[in-house]
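In this note's numbering, the protein residues as written are 1 to 113.
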Amino acid sequence: MTPIEKYISEQPEEYQERLRTLHQAILEVNPAFEEKLAWSMPTFRLGRNIIHFALSKNHIGIYPGPAAVAHFAPRLEGLKFSKGAIQLPHNKELPLALVQEITTWCVKQAQGA
1 MTPIEKYISE QPEEYQERLR TLHQAILEVN PAFEEKLAWS MPTFRLGRNI
51 IHFALSKNHI GIYPGPAAVA HFAPRLEGLK FSKGAIQLPH NKELPLALVQ
101 EITTWCVKQA QGA
């Protein structure tokens, strides 16, 4: 069991499937991601941290960093976001394609593209 799978298994049952779906969507971007916990959050790394997520009471937060949030801000309509975080509310479908696009962008930035 990876650290992220362990994190998910320790969350309330009603959120585990959403968390597994998000985990898998991010992992599909790059199966070579190193998976760990950083700041108690599931974290995907490729030599450095790429993206994190964490369960909150009313949402799942994804943390791609300030540059990614600024880049994708025009496409985050209907979602709350701040300098380095995007909130995915529990009462809405997960925007998996957008999460994958953000993750891909973060990977390219980390690789100096």
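Each residue gets a CB set at the ideal place from its N, CA and C atoms; glycine is no exception. Treat the numbers as computed from the prediction; the structure is a model and nothing was measured.
{"Check": "Short check: CB of valine 99 to CB of isoleucine 62, under 9 Å?", "Outcome": "yes"}
{"Check": "Could you give the residue range of the alpha helix (DSSP H) that holds threonine 103?", "Outcome": "96-110"}
{"Check": "Is lysine 57 near the ligand NAP, going by C-beta to nearest heavy atom under 8 Å?", "Outcome": "Annotation note on the ligand NAP: not contained in the displayed structure, which lists no ligands."}
{"Check": "Since asparagine 58 contacts proline 31 with CB under 8 Å, what's their CB separation in whole angstroms?", "Outcome": "Their Cβ separation, rounded to whole angstroms, is 31 Å, which puts asparagine 58 and proline 31 out of contact at 8 Å."}
{"Check": "Is the beta carbon of proline 42 less than 9 Å from the beta carbon of histidine 23?", "Outcome": "yes"}
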